[in-house]
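Residue numbers (our numbering), protein chains in the order written: chain A, 1 to 83; chain B, 84 to 679.
Next comes the structure, spelled out in structure tokens:
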């Protein structure tokens with residue numbers, strides 16, 4: 001029982017980290033901070049524009065795989081602990 | 084028959100033959116095969132199938148065109164339609180897979196122990212899915228009529244027949260394997276022209292990099308800088324900064340599309356086809372790999388198509404294209420009525436500017452700073468949907484590439500239609516009939532019912548594609564609004580709140596849908612009937628400037644708020660439900676199978 005609860009609270013912690021990054025790369029860099037970031041260029045891209053049309057998607061990808069990886073490790077850890 | 088038509092026939096009919104062969108090989112024998120493909124799909128296969136399921140005729144044909152004309156404002160679609168997968172992967176899919184049932188309304192029924200909740204969910208699902216299918220059916224009809232010059236109705240009929248064969252025969256199993264094939268067809272059809280065009284314009288074959296590169300004409304100017312300069316000198320908004328209705332509207336729009344994506348039942352259903360919770364998480368990642376491949380190419384296609392279009396009409400500043408010397412693709416699209424030219428000043432040349440008046444306007448270019456004379460715009464209609472379809476022809480690509488685009492567009496429309504049809508038929512045969520009306524239905528009869536319902540759904544959607552209701556254009560807002568304001572919050576609260584009760588969740592769903600629909604209807608007309616809107620369809624009347632399409636986010640907030648307030652007054656859910664939620668949240672068990 002206690003095991004299940006620590007597993008769940010660790011899951012919540014990982015989700016919150018992921019969603020914070022999710023928010024920053026899309027709503028932060030791609031929308032709210034787009035003007036200051038556009039002053040910086042990445043090749044021919046303005047940086048804010050790049051985040052909105054390219055970068056956010058790459059970050060989303062990284063986040064989902066990282067989350068899956070972390071959770072698989074947790075699953076193994078807690079499955080062993082309970083048996 | 085000319086070469087292009089011959090290639091197109093070969094491309095279209097060989098892909099159809101492939102889908103039939105797969106359908107025969109993967110036909111369904113049980114309800115588990117029919118609803119969840121037996122639960123044995125690998126994460127990578129599922130990711131590809133989700134990609135095809137999700138990317139519709141709108142993603143394939145319309146999105147790059149939208150971006151071409153909206154520029155930076157088009158980012159809401161790119162971020163919104165991909166960011167939803169982060170939410171799915173972390174907030175919904177793994178727990179719903181752990182629970183291990185067949186459909187979304189079934190999950191809602193179990194969690195909220197209420198037949199009313201199940202029926203509300205079925206209703207949301209059917210409305211959202213049917214409105215979506217109309218668009219797919221129209222896409223099939225249009226692709227046939229334009230590329231093969233077949234009658235629109237006949238094209239639609241052929242499309243209905245193809246879907247019927249593999250969806251009814253194979254159920255989820257057949258649909259999954261055909262969707263994998265359709266994804267491959269679709270992604271080749273989308274990226275090959277983009278690679279050619281990127282290579283032509285910038286010398287870089289990777290479109291994602293080409294968009295940030297310098298032009299290959301030796302000028303050393305970056306493609307996006309050139310595009311900004313060209314469009315602003317014609318009075319249009321700067322491409323890389325043009326906003327879509329203000330930052331708050333873009334914010335709300337993006338979040339509505341994200342939670343709408345995460346709440347679409349035909350996408351969620353696909354996560355029930357994999358064998359474990361780990362596989363469900365991984366499928367979301369693979370899905371985004373395959374979707375991201377198209378979605379990161381789309382902005383390059385949009386920008387490059389816009390630049391090519393501008394360059395065709397005005398090859399060098401002041402030297403406009405003479406109408407009688409217009410290229411063949413221009414004539415072809417004029418025939419469809421999607422491209423229209425009016426020689427307002429009678430000079431025989433084409434002027435394409437932002438000036439919608441009849442008089443020339445003198446102004447200064449916002450980037451070049453030089454004085455410009457904007458003659459009245461003579462390109463009176465440039466339909467954004469032609470950008471992807473005409474792109475290969477505008478760039479003078481070989482005929483086999485154009486033929487491939489036709490097959491790709493059809494694959495996009497058919498794969499999404501099949502997924503939606505399955506969502507509809509399972510919600511009726513499994514949730515409404517087996518779950519509520521006739522619980523003693525045998526498995527064999529349930530399978531038969533599923534097939535009959537799917538056939539009826541194909542006929543209805545075919546009819547709606549042939550006679551689109553007047554409100555069809557506005558219904559995308561309806562589908563996403565419903566998913567965002569009702570299904571997503573109900574599912575999320577069901578997992579993340581142990582206390583959430585059936586009464587409170589139903590109150591939240593009804594309030595969320597109510598607010599969203601009222602907002603859409605008051606600005607767009609009741610059921611989109613013109614003249615029945617009681618507030619204007621104008622920016623100044625919108626709540627904080629949020630457009631009706633972007634209002635799902637507000638509906639979702641209302642849903643969460645109402646549900647928690649009602650929960651305070653009516654008390655939490657029973658102990659057996661709390662135990663069920665705890666089980667959903669428990670560490671994933673690799674051996675968990677469908678307990679049916």
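Just so you know, even glycine gets a beta-carbon here, dropped at the ideal spot from N, CA and C.
For clarity, every value in this text was computed on a predicted model and none was experimentally measured.
Below-8 Å beta-carbon distance, residue 28 of chain A vs any chain B residue: By one-based count along the first chain, residue 28 of chain A stands at place 28. No, no contact with chain B.
Short CB-CB distance (under 8 Å) between residue 368 of chain B and chain A: By one-based count along the second chain, residue 368 of chain B stands at place 285. Taking Cβ atoms only, chain A reaches closer than 8 Å to residue 368 of chain B, which makes this a yes.
Proximity test, Cβ basis, 8 Å: residue 47 of chain A and chain B: On the first chain, position 47 is the one that residue 47 of chain A refers to. No - not a single Cβ of chain B is within 8 Å of the one on residue 47 of chain A.
Partner residues on chain B for residue 56 of chain A, Cβ-Cβ distance less than 9 Å: What you label residue 56 of chain A is simply residue 56 of the first chain in a count that begins at 1. In chain order: 158, 161, 162, 165, 166.
4 or more residues per run - each alpha helix (DSSP H) lying fully within the segment 287-371 of chain B: 290-293, 306-315, 330-345, 348-351
Beta carbon proximity, residue 364 of chain B to chain A, threshold 8 Å: Here residue 364 of chain B refers to the residue found at position 281 of the second chain. Yes, because at least one Cβ of chain A sits closer than 8 Å to the Cβ of residue 364 of chain B.
Partner residues on chain B for residue 74 of chain A, Cβ-Cβ distance less than 8 Å: The residue labelled residue 74 of chain A in the question sits at position 74 within the first chain. Residues of chain B passing the Cβ test: 670.
Nearest-angstrom Cα separation, counted from residue 335 of chain B out to residue 447 of chain B: For the purposes of this step, residue 447 of chain B is taken as the residue at position 364 of the second chain. For the purposes of this step, residue 335 of chain B is taken as the residue at position 252 of the second chain. Rounded to the nearest angstrom, the two C-alpha atoms are 34 Å apart.
Residue from B/146, B/586, B/657, B/588 with nearest C-alpha to residue 467 of chain B: Residue mapping note: residue 467 of chain B aligns to position 384 of the second chain, counting from 1. Checked all of B/146, B/586, B/657, B/588; the closest Cα to residue 467 of chain B is B/146.
Counted within 10 angstroms of its Cβ, other Cβ atoms place residue 337 of chain B as buried (16 or more) or exposed: Along the second chain, read from residue 1 onward, the residue named residue 337 of chain B stands at position 254. Looking at its Cβ environment, which holds 16 or more other Cβ atoms inside 10 Å, residue 337 of chain B is buried.
Cβ of residue 306 of chain B within 8 Å of any chain A Cβ: The residue given as residue 306 of chain B occupies position 223 in the second chain. Chain A contact via Cβ: present.
Beta-carbon contacts of residue 613 of chain B that lie in its chain and below 6 Å, excluding the five residues immediately before and after: On the second chain, position 530 is the one that residue 613 of chain B refers to. For residue 613 of chain B, the predicted structure reports a pLDDT of 49, less than 50, and the residue's modelled location is therefore unreliable. A value from the coordinates is still provided. Taken in chain order, the list of residues that qualify is empty.
Opening and closing residue of the alpha helix (DSSP H) in which residue 269 of chain B lies: Taking the first residue of the second chain as position 1, residue 269 of chain B is located at position 186. From DSSP, the alpha helix (DSSP H) with residue 269 of chain B extends over 235-285.
Residue 710 of chain B at chain A interface by Cβ criterion, 8 Å: The structure shown has nothing for residue 710 of chain B, since chain B only spans 84 to 679.
As assigned by DSSP and simplified to three states, the class of residue 149 of chain B: Walking along the second chain from the start, residue 149 of chain B turns up at place 66. Here residue 149 of chain B sits in helix by DSSP.
Which of helix, strand or coil DSSP assigns to residue 175 of chain B: Within the second chain, numbered from 1, the residue matching residue 175 of chain B stands at position 92. Helix.
Backbone CA spacing between residue 371 of chain B and residue 397 of chain B [nearest angstrom]: By one-based count along the second chain, residue 371 of chain B stands at place 288. By one-based count along the second chain, residue 397 of chain B stands at place 314. Distance between the alpha carbons of residue 371 of chain B and residue 397 of chain B is about 39 Å.
Rounded straight-line distance, which links the Cα of residue 439 of chain B to that of residue 29 of chain A: For the purposes of this step, residue 29 of chain A is taken as the residue at position 29 of the first chain. For the purposes of this step, residue 439 of chain B is taken as the residue at position 356 of the second chain. Distance between the alpha carbons of residue 29 of chain A and residue 439 of chain B: 35 Å.
DSSP three-state assignment for residue 435 of chain B, whether helix, strand or coil: Looking up residue 435 of chain B in the second chain gives position 352. Here residue 435 of chain B sits in coil by DSSP.
Among B/217, B/412, B/271, nearest to residue 48 of chain B - alpha-carbon criterion: It is not possible to answer for residue 48 of chain B, since the shown part of chain B is limited to 84 through 679.
Nearest neighbour of residue 252 of chain B, chosen from B/341, B/301, B/107 [CA to CA]: Counting from 1 along the second chain, the entry for residue 252 of chain B is found at position 169. It is B/107 whose Cα lies nearest to the Cα of residue 252 of chain B.
Buried or exposed (CB count within 10 angstroms, at least 16 for buried), residue 514 of chain B: Looking up residue 514 of chain B in the second chain gives position 431. The residue in question, residue 514 of chain B, is buried, as its Cβ has 16 or more Cβ neighbours within 10 Å.
Coil, strand or helix - residue 70 of chain A by DSSP: Along the first chain, read from residue 1 onward, the residue named residue 70 of chain A stands at position 70. Residue 70 of chain A falls in the helix class under three-state DSSP.
DSSP three-state assignment for residue 114 of chain B, whether helix, strand or coil: If you number the second chain from 1, residue 114 of chain B lands on position 31. In this structure, residue 114 of chain B counts as helix in the three-state DSSP scheme.
Buried or exposed by the 16-neighbour rule on C-beta atoms within 10 Å, applied to residue 456 of chain B: To locate residue 456 of chain B, count along the second chain from 1; it is residue 373. Counting Cβ neighbours within 10 Å, residue 456 of chain B comes out exposed, since fewer than 16 surround it.
Distance, residue 89 of chain B Cα to residue 283 of chain B Cα: Taking the second chain and counting its residues from 1, one reaches residue 283 of chain B at position 200. Taking the second chain and counting its residues from 1, one reaches residue 89 of chain B at position 6. If you take the alpha carbons of residue 283 of chain B and residue 89 of chain B, they lie about 26 Å apart.
Coil, strand or helix - residue 212 of chain B by DSSP: In the second chain, residue 212 of chain B corresponds to position 129, counting from 1. Looking at residue 212 of chain B - three-state DSSP - the assignment turns out to be helix.
Residue 187 of chain B, buried or exposed, once every other Cβ within 10 Å from all chains shown has been counted against 16: By 1-based counting over the second chain, the position of residue 187 of chain B is 104. Buried is the call here.
Proximal chain A residues relative to residue 321 of chain B, where beta-carbon distance stays under 8 Å: Along the second chain, read from residue 1 onward, the residue named residue 321 of chain B stands at position 238. Residues of chain A with a Cβ closer than 8 Å to the Cβ of residue 321 of chain B do not exist; the shortest Cβ-Cβ separation is about 10 Å.
Cβ distance (whole Å) where residue 269 of chain B is taken to contact residue 495 of chain B below 8 Å: Along the second chain, read from residue 1 onward, the residue named residue 269 of chain B stands at position 186. Along the second chain, read from residue 1 onward, the residue named residue 495 of chain B stands at position 412. About 5 Å separates the two Cβ atoms, so the contact holds.
Cβ distance (whole Å) where residue 307 of chain B is taken to contact residue 45 of chain A below 8 Å: Sequence index remark: in the second chain, residue 307 of chain B carries index 224 (1-based). Sequence index remark: in the first chain, residue 45 of chain A carries index 45 (1-based). Sure, about 7 Å apart at Cβ, within 8 Å.
Amino acids of chain B, ordered along the chain, whose beta-carbon sits closer than 8 Å to that of residue 15 of chain A: Translated into positions along the first chain, residue 15 of chain A becomes position 15. Correct list: 173, 174.
Test item: CB-CB of residue 564 of chain B and residue 603 of chain B under 8 Å: Residue mapping note: residue 564 of chain B aligns to position 481 of the second chain, counting from 1. Residue mapping note: residue 603 of chain B aligns to position 520 of the second chain, counting from 1. Closer than 8 Å, so yes.
Closest Cα partner of residue 567 of chain B within the set B/309, B/343, B/516, B/262: Counting from 1 along the second chain, the entry for residue 567 of chain B is found at position 484. When B/309, B/343, B/516, B/262 are compared, the shortest CA-CA separation from residue 567 of chain B is found for B/343.
Chain B within 8 Å of residue 33 of chain A, Cβ atoms only: Within the first chain, numbered from 1, the residue matching residue 33 of chain A stands at position 33. So, not an interface residue.
8 Å Cβ cutoff, residue 375 of chain B in contact with chain A: Sequence index remark: in the second chain, residue 375 of chain B carries index 292 (1-based). Output row for residue 375 of chain B: interface = yes.
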